[in-house]
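K.L.:
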Amino acid sequence: MVSLENKFIRNDDIAWRIIDGEALVVSPKSSLIYPLNEVATRIWELLDGKRTVFDISSIICDEFEGDTAVIQKDVVDFIQDLLKGGLINGM
Amino acid sequence: MSSKVKFEIADITFQFSSSYAKPILWVKEHYAIYLSQSVPDLDIHLEFKKRYKSGRTSSVPLEVISENGKFFLRSGHFDLTGSYSSGKVKVVSNHNMGVADLTRTLFSVVIVKKGGLLLHASAVADGNSSYVFCGPSESGKTTIAKLLQGKDVLTDETTAIINKDNRYYAYSTPFFGELGSVSKNRGAPVKAIFFIHKGDYFSHKRVCRVDAMRHFLYNIILSGRNLDLTNKVLDSVSNLVERVPCYDLYFKADAELWRYINGIA
């Protein structure tokens with residue numbers, strides 16, 4: 130379960146590149162490819178193990194136009210999905 | 010007494026040697042147009058031993074482990090140890106190892122290390138250029154190769170893409186599909202790459218770089234699960250989409266195909 134106080138970091142075993150503002154994240158172990166849109170790419174970049182989920186959500190709210198509550202929920206859901214996929218680790 | 014054979018695919022030369030003649034004869038028969046006298050990049054010694062019964066099964070996913078310039082591949086059929094720098098490779102297998110499977114597996118790793126890719130794609134050469142038609146099973150790779158048989162079909166199933174002097178070349182491979190082996194072992198600079206889809210009419214659109222990368226990643230043949238190789242693939246693919254125009258192509262099985270493609274690129 131992801132909460133706003135948690136910190137997460139991208140898994141070292143994952144390969145990724147950003148092309149034209151969109152990330153392609155590849156898990157060599159599962160051979161799965163995760164194409165990320167612009168917002169998801171920004172969240173992915175911010176998952177450095179130093180920022181909390183709340184910090185990341187606030188940055189997304191600053192950088193993108195949208196409802197704060199919706200953005201916060203989407204950020205939590207997305208990070209939850211990344212955690213389930215083994216793409217990030219909790220700190 | 011050891012038998013040897015050398016063959017070359019996309020500028021990568023393999024030498025197989027073994028005291029057991031059957032795999033060597035198999036290569037001579039099936040890879041006849043790929044036989045070579047070049048200095049081998051990979052010197053592969055095949056040894057055959059019965060496998061200890063409680064070992065792995067063929068359901069274990071193939072894994073490539075790279076450590077200090079050496080690589081290890083373990084599958085249900087063979088254990089392989091190699092060195093990227095010396096090119097020396099030792100394969101221990103039971104007698105039912107498929108040489109084609111081993112070659113394809115090894116080639117898919119080595120081509121990535123050399124900055125290239127092995128793709129699910131047919132390819133056709135026209136003079137000094139080539140066109141690559143990339144897609145999964147049933148997408149129409151063989152159909153396109155058949156429609157373009159008046160041209161120089163490099164392969165109907167598996168295309169090797171390599172980078173020479175910052176120019177990408179498509180090469181034929183012996184890993185063919187329904188159309189069977191091609192008559193020449195050759196490559197040509199890639200003019201355009203098409204991600205193919207069967208349709209009722211012809212249409213196309215230029216694919217943006219990130220979508221092209223995604224298409225490539227879905228269609229790359231890479232045996233093994235390895236971070237280093239995956240990073241190399243991402244670097245090669247991002248370089249490729251910078252340099253070669255990529256298109257989504259919807260096509261119908263019609264003799265007009267070549268005229269349509271020629272009009273695009």
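Those protein sequences? They're chains A and B, same order as listed.
Basically the numbering used here = 1-based index in the first sequence + 129.
Basically the numbering used here = 1-based index in the second sequence + 9.
Quick reminder that beta carbons are idealized off the backbone N, C-alpha and C, glycines included.
1) State yes or no: is the C-beta of D257 of chain B within less than 8 Å of the C-beta of V216 of chain B?
2) Three Cβ pairs or more, each shorter than 8 Å: is that satisfied between the segment 17 to 31 of chain B and the segment 111 to 121 of chain B?
3) Measure the C-alpha to C-alpha separation of G64 of chain B and K13 of chain B and round it to an integer number of angstroms.
4) Relative to the alpha-carbon of K123 of chain B, which residue among B:I18, B:Y269 and B:F260 has its alpha-carbon at the smallest distance?
5) Look up A197 of chain B in the DSSP assignment and give the residues it is bridged to.
6) Should G64 of chain B be flagged as near chain A, meaning a C-beta pair shorter than 8 Å?
7) Compile a chain-ordered list of the residues in the segment 131 to 158 of chain A whose CB is closer than 7 Å to at least one CB of chain B.
8) Could you have a look at D191 of chain A and say whether DSSP puts it in helix, strand or coil?
9) Verify the CB distance criterion: does Y177 of chain B have a CB-CB separation below 8 Å to chain A?
10) What does T167 of chain B touch in chain A if you count any residue whose Cβ is under 9 Å from its own?
11) Can you check whether the C-beta of I172 of chain A is within less than 8 Å of a C-beta belonging to chain B?
12) Report back the beta-carbon spacing between K241 of chain B and V121 of chain B to the nearest angstrom; my notes put them in contact at under 8 Å.
13) Which residues mark the beginning and the end of the alpha helix (DSSP H) in which Y259 of chain B is found?
14) Does DSSP put E174 of chain A in a helix, a strand or coil?
15) Y29 of chain B: which of B:V108, B:D50, B:L44 and B:H39 sits nearest, CA to CA?
16) Which of the three DSSP states, helix, strand or coil, is assigned to V98 of chain B?
P.N.:
This is what the structure holds:
1) The sequence position of residue 257 of chain B within the second sequence is 248, counting from 1. The sequence position of residue 216 of chain B within the second sequence is 207, counting from 1. In this structure, D257 of chain B lies near V216 of chain B, with their beta-carbon atoms less than 8 Å apart.
2) yes
3) Residue numbering aside, residue 64 of chain B sits at position 55 when the second sequence is read from its first letter. Residue numbering aside, residue 13 of chain B sits at position 4 when the second sequence is read from its first letter. Unreliable positioning characterises G64 of chain B in this predicted model, as indicated by a pLDDT of 49, which lies under 50. The coordinate reading is nonetheless provided below. Roughly 30 Å separates the two Cα atoms.
4) Position 114 of the second sequence, counting from 1, holds the residue named residue 123 of chain B. When only C-alpha atoms are compared, the closest one is B:I18.
5) By one-based count along the second sequence, residue 197 of chain B stands at place 188. According to DSSP, residue pairing for A197 of chain B in a beta bridge involves B:A179.
6) Here residue 64 of chain B refers to the residue found at position 55 when the second sequence is read from its first residue. Any reading at G64 of chain B is ruled out, since the residue's pLDDT is 49, under 50, leaving its predicted position unreliable.
7) D142, A144, R146, I148, D149, E151, L153, V155, P157 and K158
8) Along the first sequence, one-based indexing puts residue 191 of chain A at 62. In the structure shown, D191 of chain A sits in a helix (DSSP, three-state: H, G or I).
9) What you label residue 177 of chain B is simply residue 168 of the second sequence in a count that begins at 1. With 8 Å as the cut-off, Y177 of chain B does not count as an interface residue toward chain A.
10) By 1-based counting over the second sequence, the position of residue 167 of chain B is 158. Here the premise fails: no neighbours, minimum Cβ distance about 18 Å.
11) Locating residue 172 of chain A in the first sequence gives position 43, where the first residue counts as 1. Chain B contact via Cβ: absent.
12) Indexing the second sequence from 1 puts residue 241 of chain B at position 232. Indexing the second sequence from 1 puts residue 121 of chain B at position 112. Confirmed, about 5 Å.
13) Position 250 of the second sequence, counted from the start, is the residue given in the question as residue 259 of chain B. Premise fails: Y259 of chain B lies in the beta strand (DSSP E), C255 to F260, not in any alpha helix (DSSP H).
14) Counting from 1 along the first sequence, the entry for residue 174 of chain A is found at position 45. In the structure shown, E174 of chain A sits in a helix (DSSP, three-state: H, G or I).
15) As a working mapping, residue 29 of chain B is identified with position 20 in the second sequence. Closest option to Y29 of chain B, Cα to Cα, is B:V108.
16) If you number the second sequence from 1, residue 98 of chain B lands on position 89. Reduced to three states, the DSSP call for V98 of chain B is strand.
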